[in-house]
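Read in order, the letters of the sequence shown are residues 8 to 207 in the working numbering.
Built from N, CA and C at the ideal position, the CB exists for glycine as well.
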Amino acid sequence: MAARSSAPTAQSSHPSPIIGFVTGALAWIVGYILTYLVVAPDVRDSGLNRLIEALDGEPATFELVGWVFFNAHFVETVFQGLPVLGSRTASYVGGENGFTVLLYLVPAGTLLIGGFLLGMANGDTDVSGGGLSGLMALPGYALAAAVTAIAVEVTTAGATAGPDFLAALILAGIAYPIVFAGLGGVLAAVASRGRSPSRS
């Protein structure tokens, strides 16, 4: 009787949900830190920060950097209850007096890297599998976005200002990781496919 041999088949080993969650949260934290390093010196000395400090007794550098980070996700800052002006929206990225448009690359880049790492951990050469692995960063990123949107809201002298919460959740928290973390996972699958030995 001839011996029957079977070639080992590659098993798709998706990263655990916890690893995906942590990766998404870390992508958010790293993105905020990078934004802080770029804009905090200017934010700290800005007229708006000094006004908040005069009215509230302490500066709001952390919060204002958070606004800019959300602006880098195309989420506008909403001001409500302003004397005379009422309500208005603003973005501090781009434009004549805004921060560099290169900040738009920060959340896209951290998510792309996070999704790529998750895709590499998966090891699947199928692009759909890699994309799904990248999407595992979504819950952690979405929760971080929601918590930060609440944390960086500023209320002083009867006025409130902070990121548009609905846009922060849907655009920054959900759409961004779907697009960029998913793309990172796809790129990881393509890279893994290129490194895989060809079968005869």
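Pro170, DSSP secondary structure in three states: In the sequence shown, the residue the question calls residue 170 occupies position 163. Note: Pro170 maps to strand in three-state DSSP.
For Phe106 and Asp63, I'd like the C-alpha separation in whole angstroms. Along the sequence shown, read from residue 1 onward, the residue named residue 106 stands at position 99. Along the sequence shown, read from residue 1 onward, the residue named residue 63 stands at position 56. If I take the Cα positions, the gap works out to 25 Å.
Ends of the alpha helix (DSSP H) at Thr155? Residue mapping note: residue 155 aligns to position 148 of the sequence shown, counting from 1. First-last of the alpha helix (DSSP H) with Thr155: Leu145 to Ala158.
When DSSP builds the beta bridges, which residues end up paired with Thr42? By one-based count along the sequence shown, residue 42 stands at place 35. Beta-bridge pairing links Thr42 to no other residue.
Taking only beta-carbon atoms, is Arg200 less than 8 Å away from chain B? Among the protein chains of the structure shown there is no chain B, as only one such chain exists.
From the DSSP output, in three-state form, read off Val82 for me. Residue 82 sits at position 75 when you count from the first residue of the sequence shown. Of the three classes helix, strand and coil, the one that applies to Val82 here is coil, per DSSP.
Once the 5 residues before and after Val29 are set aside, which same chain residues still bring their CB inside 7 Å of it? Here the question's residue 29 lines up with position 22 in the sequence shown. For Val29, where only same-chain residues beyond five positions count, the Cβ hits under 7 Å are Gly147.
What does DSSP give as the partner residue(s) for Val161 in the beta ladder? Within the sequence shown, the letter at position 154 stands for residue 161. Answer is Ala168.
Flag this pair as yes or no: are the beta carbons of Val82 and Leu150 separated by less than 8 Å? As a working note, residue 82 is residue 75 in the sequence shown. As a working note, residue 150 is residue 143 in the sequence shown. Val82 is not a Cβ neighbour of Leu150, given a cutoff of 8 Å.
May I ask which residues mark the beginning and end of the alpha helix (DSSP H) holding Pro114? In the sequence shown, residue 114 corresponds to position 107, counting from 1. Unbroken alpha helix (DSSP H) run through Pro114: Leu112 to Asn129.
Kindly list the residues whose CB is nearer than 8 Å to the CB of Arg206, restricted to its own chain and excluding five residues on each side of it in sequence; keep chain order. The count along the sequence shown starts at 1 and reaches residue 206 at position 199. With a pLDDT of 45 at Arg206, under the threshold of 50, the modelled position of that residue is not reliable, and no figure is offered here.
With the cut-off set at 8 Å, would you say Ile120 and Leu145 are in Cβ contact? As a working mapping, residue 120 is identified with position 113 in the sequence shown. As a working mapping, residue 145 is identified with position 138 in the sequence shown. Not closer than 8 Å, so no.
With 16 other CB atoms within 10 Å as the buried threshold, where does Glu70 fall? Looking up residue 70 in the sequence shown gives position 63. With 16 or more Cβ atoms within 10 Å of its Cβ, Glu70 is classed as buried.
Assign Ser135 to buried or exposed, taking buried as 16 or more other Cβ atoms, counted over all protein chains shown, within 10 Å of its Cβ. Working through the sequence shown from its first residue, we reach residue 135 at position 128. Looking at its Cβ environment, which holds fewer than 16 other Cβ atoms inside 10 Å, Ser135 is exposed.
Beta-bridge pairing of Phe106 - partner residues as DSSP gives them: The sequence position of residue 106 within the sequence shown is 99, counting from 1. Beta-bridge pairing links Phe106 to Val100.
Helix, strand or coil: which one does DSSP assign to Glu65? By 1-based counting over the sequence shown, the position of residue 65 is 58. Coil, per DSSP.
Taking the straight line between their C-alpha atoms, what separation do you get for Ala158 and Asp131? Reading the sequence shown from its first residue, position 151 is the one you call residue 158. Reading the sequence shown from its first residue, position 124 is the one you call residue 131. Our two residues, Ala158 and Asp131, have alpha carbons roughly 38 Å apart in a direct line.
Could you tell me which of Ala196, Phe77 and Val45 sits nearest to Leu139, measuring between CA atoms? Within the sequence shown, the letter at position 132 stands for residue 139. With distances taken between Cα atoms, Leu139 lies closest to Ala196.
With DSSP collapsed to three states, give me the class of Thr30. In the sequence shown, residue 30 corresponds to position 23, counting from 1. If DSSP states are grouped into helix, strand and coil, Thr30 belongs with the helices.
Specify the secondary structure class of Pro133 as computed by DSSP and reduced to three states. Residue 133 sits at position 126 when you count from the first residue of the sequence shown. The sequence shown places Asp at residue 133, not Pro. Three-state DSSP puts Asp133 in coil, outside helix and strand.
Out of curiosity, what's the CA-to-CA distance linking Thr96 and Ala61? Walking along the sequence shown from the start, residue 96 turns up at place 89. Walking along the sequence shown from the start, residue 61 turns up at place 54. Approximately 22 Å, taken between the alpha carbons.
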